[in-house]
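Let me begin by presenting the structure, written as structure tokens, before commenting on it.
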Amino acid sequence: MEEISLDNQEKKLIKKYSGNKIKLSSTNKLTVTHKEILPSNKRGNDKVIIYMSNLNCANCAAKIERQSKNIDGVVGSSLNFMSKKLVLDIKDKNVRENVIKNALNLIEKTEPGTKCEILDSTEKITIYMSNLNCANCAAKIERQSKNINGVVDSTLDFMSKKLILNIESKSLKNDVIDNALNLIEKIEPGTKCEVLDDTKKSLNKEEKSVWIENKMNLIRLGVGGALFFIGLAFGFSDIVEGILFLISYLIVGGDVLLKAGKNIVRGKVFDENFLMALATIGAFAIKQYPEGVAVMLFYQVGELFQDMAVDSSRRSIKSLMNIRPDYANVKNGQDIKKVSPEDVNIGDIIVIKPGEKVPLDGVIIEGKSMLDTSALTGESVPRNASIGDEILGGAINKNGLLMVKVTKAFSESTVAKILNLMENASSKKAHTENFITKFAKYYTPIVVILAACLAFIPPFVTGMEFSSSIYRALVFLVVSCPCALVVSIPLGFFGGIGGASKNGILVKGGNYLEALNNVETVVFDKTGTLTKGTFNVTKINVENGFDKDILMEYAVAAESFSSHPIATSIIKAYGKEIEKKNVKNYEEISGHGIKVNYKDKVVLAGNKKLMNKENIVCKEEETVGTVVYIAIDNAYVGNIIISDEIKEDTKVAIKELKKIGIKKTVMLTGDNKKVGEGIGKLVNIDEVYSELLPYEKVEKLEKIENEKSKNKKVIYVGDGINDAPVLARADIGIAMGGVGSDAAIEAADVIIMTDEPSKIVSSIKIAKRTRNIVIQNIAFAIGVKVIILIFGALGMANMWEAVFGDVGVALIAVLNAMRALKVNKL
3 MEEISLDNQE KKLIKKYSGN KIKLSSTNKL TVTHKEILPS NKRGNDKVII YMSNLNCANC
63 AAKIERQSKN IDGVVGSSLN FMSKKLVLDI KDKNVRENVI KNALNLIEKT EPGTKCEILD
123 STEKITIYMS NLNCANCAAK IERQSKNING VVDSTLDFMS KKLILNIESK SLKNDVIDNA
183 LNLIEKIEPG TKCEVLDDTK KSLNKEEKSV WIENKMNLIR LGVGGALFFI GLAFGFSDIV
243 EGILFLISYL IVGGDVLLKA GKNIVRGKVF DENFLMALAT IGAFAIKQYP EGVAVMLFYQ
303 VGELFQDMAV DSSRRSIKSL MNIRPDYANV KNGQDIKKVS PEDVNIGDII VIKPGEKVPL
363 DGVIIEGKSM LDTSALTGES VPRNASIGDE ILGGAINKNG LLMVKVTKAF SESTVAKILN
423 LMENASSKKA HTENFITKFA KYYTPIVVIL AACLAFIPPF VTGMEFSSSI YRALVFLVVS
483 CPCALVVSIP LGFFGGIGGA SKNGILVKGG NYLEALNNVE TVVFDKTGTL TKGTFNVTKI
543 NVENGFDKDI LMEYAVAAES FSSHPIATSI IKAYGKEIEK KNVKNYEEIS GHGIKVNYKD
603 KVVLAGNKKL MNKENIVCKE EETVGTVVYI AIDNAYVGNI IISDEIKEDT KVAIKELKKI
663 GIKKTVMLTG DNKKVGEGIG KLVNIDEVYS ELLPYEKVEK LEKIENEKSK NKKVIYVGDG
723 INDAPVLARA DIGIAMGGVG SDAAIEAADV IIMTDEPSKI VSSIKIAKRT RNIVIQNIAF
783 AIGVKVIILI FGALGMANMW EAVFGDVGVA LIAVLNAMRA LKVNKL
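Residue 815 in this note's numbering sits at position 813 of the sequence shown, with consecutive numbering throughout.
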């Protein structure tokens, strides 16, 4: 948790833009807690849920949803006609009563007599499905689970096999779980489900059972395939041959027939099991025995390879985030006890041996070593660590024995936050993923209707034989499954997020990864973003022979309670301790400087605006460095010049951004105009705005956003807590140096785990590469299916091609999607 002092104007601004993760204490301290900010201009601080028990007009529901977005204080709304619930994201709790009043008036005006009930805030349920392998079924579960009574919204992440249900209140939890489990069993019988309290426990059990299941399936398909080839090769009589083909068919496709039968009893048709059963039984009906068996065999082998490919990609991405520590060695007197990281308290001393993972965040109190931080930052070069250095959970201790004092509980540690971020990233779906889910909903029924027309119309219109028309219809049915798209598109985004993490870039969801493709303008903070933020005193100027040491003493007194890099550099340059008890009435004047009482004198230390504000006459210093003006008892006594260094790759980053199509780069800084423009000129920034207070940065960003082209995005890049309001307001907020920064991990949409601006270029390149892979898969899957559908209708394609159009295309699309994961250093 981090705090910073604010004035009233900044306080109002942060409440307006920061969403529900930033709270303000009674002392005007900004406190970063750990709740998620919603995307850009759809961030709300609270939800209002209105249940309309007798809402029966779909058109009225659409009007209510559309018009409710215009209610003052509402930043987003959705109305689920099936569950009869209107969910309003509101700006903050202060407007809640007015929003409810206006919403109820709107509902009464649109649909008079509607009975409304305000529901409790939402609770989350997570259901893990260990053997869920059908992407189309997963899409159906997600879609239909939204209609469960008590569910406000739901998301199913096929890659992590987790169904996340947001429910109205805790009182409905058990009923929702029961209904959800029944729904899952109905759509995908035999699915093993587990309701998770702590998702970390369940994902590790799976690999062994998946390997055993795959082995058994290979044996089964091998036996069935052997009987099939014996029937083909040895020229038995028709009866023996028919029996061999039937036995082979039942061994290979028995599970498909069983699932199809169960689904028909439940009233569920048009899934891939039903289609394959219908197509192959149809082949047997027209005495195409070998083709019926071969198609089922080819389908099952393709499904097996597809499942193995998806499982492989899951393991690959999980291995990228294999930073969760298994244990911590806690020192208790002379004893060392191995415990779970969750059981370690702040202030405990832990021992980290060579080769072990660092379990928790802390400070080294004894020892030195090299640390491998590649899993956190993407950097392959180990870092030196010694006494006094901060150390982060997830790093690997390479060679020395370290004793560390724990500074954060496991739940608040960097590693826990990163794991949570990565586990939930794929639940924030890109527009393309949502489109494909909707497409799949309508695609299969349409193809089935066309297949029925193809089976029965030609015999009556053209005199075609029923066996020929039915065969063509069966080809239609086999190729109709949309799994190639439903699996490969989310996998593409999932792989892109994994590939980004490999480069030390954490993306909070597929929606942000997709948005990075449309960036037009990149706006930078200066200190700690384009520059190192490591200030050094380079010159001390005094007036009228005033003593330099005394000036520095008073400056240190003023800066002694500040954690700003400028204050740190002044304290470091002075090199002596001062009596802090002599410092009284400390006041931080936002955007100006500091005012204190020290040794019965009033000390002012800040920028030229502070001197002007206090009516103190002084000459403005002409320099590219930062100038701290010092006044004692309203008399100007001199200034301290502090210089910051530009990061090594800043110039390269700006140049590369222009190369990849970014139209404009902007720098916003609170520093003086001369320093800002000097830095901007050195790194070739297009526009520089200086001497900005925090609220003025937001106003400037809003102006830049208003000037952008339609459907284009603006990125704001900052370094954490001081930039929280601007990060919250931007289309895409990118935080630099995210390791160890609570504010960065909470506030931003994308987190660069190092301090390299060039990683912004990498993130955009990864996003573009991911989009290209996704587009390739869409074009390939739809293209091949359409071609086979046309050829099948004309009698120019058989069931072999149709099965390739289903499982073959899906397997190729999955393998192509996995390329998104293998992102080289960019």
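Backbone N, C-alpha and C define an ideal beta-carbon position, used for all residues, glycine too.
Q) Which residue comes first and which comes last in the beta strand (DSSP E) that contains residue 470? A) Translated into the one-based positions of the sequence shown, residue 470 becomes position 468. According to the DSSP assignment, residue 470 belongs to no beta strand (DSSP E) but to the alpha helix (DSSP H) extending over 468-481.
Q. Between which two residues does the alpha helix (DSSP H) containing residue 487 stretch?
A. Translated into positions along the sequence shown, residue 487 becomes position 485. That run of the alpha helix (DSSP H) goes 485-504.
Q. Taking buried to mean at least 16 other C-beta atoms within 10 Å of its own C-beta, is residue 343 buried or exposed?
A. Stepping through the sequence shown from its first residue, residue 343 is reached at position 341. Burial call: buried.
Q: Report the three-state DSSP secondary structure of residue 631 (helix, strand or coil).
A: Residue numbering aside, residue 631 sits at position 629 when the sequence shown is read from its first letter. Three-state DSSP puts residue 631 in a strand.
Q: Check whether the Cβ atoms of residue 194 and residue 132 lie closer than 8 angstroms to each other.
A: Locating residue 194 in the sequence shown gives position 192, where the first residue counts as 1. Locating residue 132 in the sequence shown gives position 130, where the first residue counts as 1. Yes, these two residues count as a Cβ contact at 8 angstroms.
**Q.** Cβ contact (3+ pairs, closer than 8 angstroms) linking the stretch 218-233 and the stretch 291-311
**A.** Taking one beta carbon from each stretch, the stretch 218-233 and the stretch 291-311 have 3 or more pairs nearer than 8 angstroms; the two touch.
Q: Please list, in chain order, all residues of the same chain as residue 284 whose beta carbon is under 7 angstroms from its beta carbon, the five residues on each side excluded.
A: Residue 284 sits at position 282 when you count from the first residue of the sequence shown. Result list for residue 284: 472, 476, in chain order.
Q: Decide yes or no for the touch test of the stretch 161-179 against the stretch 141-153: beta carbon pairs closer than 8 angstroms, at least 3 of them.
A: For the pair of segments examined, the stretch 161-179 was found to touch the stretch 141-153: the number of CB pairs separated by less than 8 angstroms reaches three.
**Q.** Assumed close pair residue 106, residue 118 - CB separation to whole angstroms, cut-off 8 angstroms
**A.** Here residue 106 refers to the residue found at position 104 when the sequence shown is read from its first residue. Here residue 118 refers to the residue found at position 116 when the sequence shown is read from its first residue. The Cβ separation is near 6 angstroms, so the contact holds.
Q) With 16 other CB atoms within 10 Å as the buried threshold, where does residue 159 fall? A) Translated into the one-based positions of the sequence shown, residue 159 becomes position 157. A residue is called buried once 16 or more other Cβ atoms fall within 10 Å of its Cβ, and residue 159 is buried on that count.
Q) Can residue 690 and residue 672 be called in contact, C-beta distance under 8 angstroms? A) In the sequence shown, counting from the first residue as 1, residue 690 sits at position 688. In the sequence shown, counting from the first residue as 1, residue 672 sits at position 670. A distance of 8 angstroms or more separates the beta carbons of residue 690 and residue 672.
**Q.** Rounded distance between the beta-carbons of residue 481 and residue 804, thought under 8 angstroms
**A.** As a position in the sequence shown, residue 804 is number 802, starting the count at 1. As a position in the sequence shown, residue 481 is number 479, starting the count at 1. The distance from the Cβ of residue 804 to that of residue 481 is about 4 angstroms, consistent with a contact at the 8 angstroms cut-off.
Q: With a cut-off of 8 angstroms on the beta carbons, I'd call residue 627 and residue 648 a contact; round off their distance for me.
A: Against the sequence shown, residue 627 aligns to sequence position 625. Against the sequence shown, residue 648 aligns to sequence position 646. In this structure residue 627 is not in contact with residue 648, their Cβ atoms being roughly 12 angstroms apart against a cut-off of 8 angstroms.
Q: Helix, strand or coil for residue 335, going by three-state DSSP, please let me know.
A: Taking the sequence shown and counting its residues from 1, one reaches residue 335 at position 333. The answer is coil: DSSP assigns residue 335 none of H, G, I, E or B.
Q: State the start and end residues of the unbroken beta strand (DSSP E) segment that holds residue 638.
A: Locating residue 638 in the sequence shown gives position 636, where the first residue counts as 1. Counting along the chain, the unbroken beta strand (DSSP E) around residue 638 starts and ends at 637-645.
Q | For residue 696 and residue 29, the rounded distance between their alpha carbons | A | Along the sequence shown, read from residue 1 onward, the residue named residue 29 stands at position 27. Along the sequence shown, read from residue 1 onward, the residue named residue 696 stands at position 694. Summary for residue 29: the model assigns pLDDT 40, below 50, so the residue's position carries little reliability, and this model does not support an answer.
Q | Cutoff 7 angstroms; reference residue 819; Cβ partners in own chain excluding five residues on either side | A | In the sequence shown, counting from the first residue as 1, residue 819 sits at position 817. 490, 493, 494, 497, 775, 779, listed in sequence order.
Q.
Which residue wins for smallest C-alpha separation from residue 88, given the options 101, 53, 100?
A. Along the sequence shown, read from residue 1 onward, the residue named residue 88 stands at position 86. Ranking 101, 53, 100 by CA distance to the CA of residue 88 puts 53 first.
Q) Helix or strand or just coil, what does DSSP make of residue 184? A) Counted from its first residue, the sequence shown places residue 184 at position 182. In this structure, residue 184 counts as helix in the three-state DSSP scheme.
**Q.** Limits of the unbroken beta strand (DSSP E) element including residue 405
**A.** For the purposes of this step, residue 405 is identified with residue 403 of the sequence shown, where counting begins at 1. If you look at residue 405, you'll find it in the beta strand (DSSP E) that goes 404-408.
Q: Give the secondary structure of residue 236 by DSSP, where H, G and I count as helix, E and B as strand, and everything else as coil.
A: Position 234 of the sequence shown holds residue 236. If DSSP states are grouped into helix, strand and coil, residue 236 belongs with coil.
Q.
Rounded to the nearest angstrom, what separates residue 637 and residue 629 at their Cα positions?
A. For the purposes of this step, residue 637 is taken as residue 635 along the sequence shown, with counting starting at 1. For the purposes of this step, residue 629 is taken as residue 627 along the sequence shown, with counting starting at 1. Their backbone Cα atoms lie some 17 angstroms apart in a straight line.
Q.
Assuming residue 551 is part of the alpha helix (DSSP H), what are its boundary residues?
A. Position 549 of the sequence shown, counted from the first residue, corresponds to residue 551. Where residue 551 is concerned, the enclosing alpha helix (DSSP H) stretches over 550-561.
Q.
Tell me the DSSP secondary structure of residue 801 in three-state form.
A. Taking the first residue of the sequence shown as position 1, residue 801 is located at position 799. Residue 801: helix per DSSP, three-state reduction.
**Q.** First through last residue of the alpha helix (DSSP H) which encompasses residue 459
**A.** Position 457 of the sequence shown, counting from 1, holds the residue named residue 459. According to the DSSP assignment, residue 459 belongs to the alpha helix (DSSP H) that extends over 433-463.
Q | the stretch 517-524 contacting the stretch 703-717, beta-carbon criterion three pairs below 8 angstroms | A | Contact holds between the stretch 517-524 and the stretch 703-717, because three or more Cβ pairs, one in each stretch, are under 8 angstroms apart.
(Q) Output needed for residue 474: all residues of its chain with C-beta closer than 7 angstroms, excluding positions within five of it in sequence on either side, in chain order. (A) Mapped onto the sequence shown, residue 474 falls at position 472. If you ignore the 5 residues before and after residue 474, its C-beta comes within less than 7 angstroms of the C-beta of 456, 794, 795, 797, all in its own chain and listed in chain order.
Q: Below 8 angstroms CB to CB, which residues in the same chain sit around residue 109 once its five sequence neighbours on both sides are set aside?
A: Against the sequence shown, residue 109 aligns to sequence position 107. Cβ within range, chain order: 52, 54, 66, 88, 116, 118.
Q: Measure the Cβ-Cβ separation of residue 165 and residue 189 and say whether it is below 8 angstroms.
A: Reading the sequence shown from its first residue, position 163 is the one you call residue 165. Reading the sequence shown from its first residue, position 187 is the one you call residue 189. Taking 8 angstroms as the Cβ cut-off, residue 165 and residue 189 do not qualify as a contacting pair.
(Q) Assess contact between the stretch 552-559 and the stretch 697-709, defined as three or more Cβ pairs (one per stretch) separated by less than 8 angstroms. Is contact present? (A) Short answer: they don't touch.
**Q.** Beta carbon of residue 384 nearer than 8 angstroms to that of residue 359
**A.** Sequence index remark: in the sequence shown, residue 384 carries index 382 (1-based). Sequence index remark: in the sequence shown, residue 359 carries index 357 (1-based). No, these two residues do not count as a Cβ contact at 8 angstroms.
**Q.** Inside the stretch 764-808 only - alpha helix (DSSP H) runs reaching at least 4 residues
**A.** Complete alpha helix (DSSP H) runs here, min 4: 801-805.
Q: Answer yes or no: do residue 484 and residue 529 have a C-beta to C-beta separation smaller than 8 angstroms?
A: On the sequence shown, position 482 is the one that residue 484 refers to. On the sequence shown, position 527 is the one that residue 529 refers to. No, the pair does not count as a contact, with Cβ atoms beyond the cut-off.
Q. Bridge partners of residue 604, per DSSP?
A. On the sequence shown, residue 604 is found 602 positions in, with the first residue counted as 1. Beta-bridge pairing links residue 604 to 599.
(Q) What would DSSP say about residue 394, mapped onto helix, strand or coil? (A) Reading the sequence shown from its first residue, position 392 is the one you call residue 394. Coil at residue 394, not helix or strand.
Q) From this set, 141, 219, 127, which residue's C-alpha is nearest residue 174's C-alpha? A) As a first step, residue 174 must be located in the sequence shown, where it is residue number 172. Proximity to residue 174 across 141, 219, 127 peaks at 127, based on C-alpha coordinates.
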